[in-house]
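Asker: Numbered per the numbering used here, the sequence shown spans residues 254 to 355.
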Amino acid sequence: SSAAKAAINANACLAAKQEEVIFSSHRGTLTRQQIGQSLPPVEFQLGCSLLGPMEVAVLLQSGLAAVPQGRQVQQNQRMLLELLVSQPPLFQRGVFYELSNN
């Protein structure tokens, strides 16, 4: 989606700016490899789940469509909702977009 692409571009620009600041402050005294080791990690706000927004949305829909809402279905739904809440807003927005059937 366009929001995910915008987040990736913003994070890439931030990383490039950090690298440029390091290079300009050391003026060639360090190699790129040494600089890469000294940079703090760049945080990407896309989530850290093995399941993507589409998979979470499909699993939530299938759990809600299950006719006998037994104990196991309820536990699975709870785990999915806990996973959804633990992810960044961009991930949550992606799940809701997938649930909207667009």
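We put the CB at the ideal spot given by N, CA and C, even for glycine. None of the values given here were measured: they were computed from a predicted structure.
Which residues in the same chain as V309 place their Cβ atom closer than 7 Å to its Cβ, once the five residues preceding and following it in sequence are excluded?
Answerer: These residues qualify, in order along the chain: L333, L336, L337, V348.
Asker: How is C301 classed by DSSP in three states: helix, strand or coil?
Answerer: Reduced to three states, the DSSP call for C301 is coil.
Asker: For a test of your reading of the model: does the CB of Y350 fall under 6 Å from any non-hydrogen atom of the ligand NAD? Yes or no.
Answerer: Looking for the ligand NAD in the displayed structure turns up nothing, as the structure carries no ligands at all.
Asker: If we count the other Cβ atoms within 10 Å of its Cβ and call it buried at 16 or more, is E273 buried or exposed?
Answerer: Classification for E273: exposed.
Asker: If you drop the 5 nearest sequence neighbours on each side, which residues of the same chain put their C-beta closer than 7 Å to that of M307?
Answerer: Here the set comprises E351.
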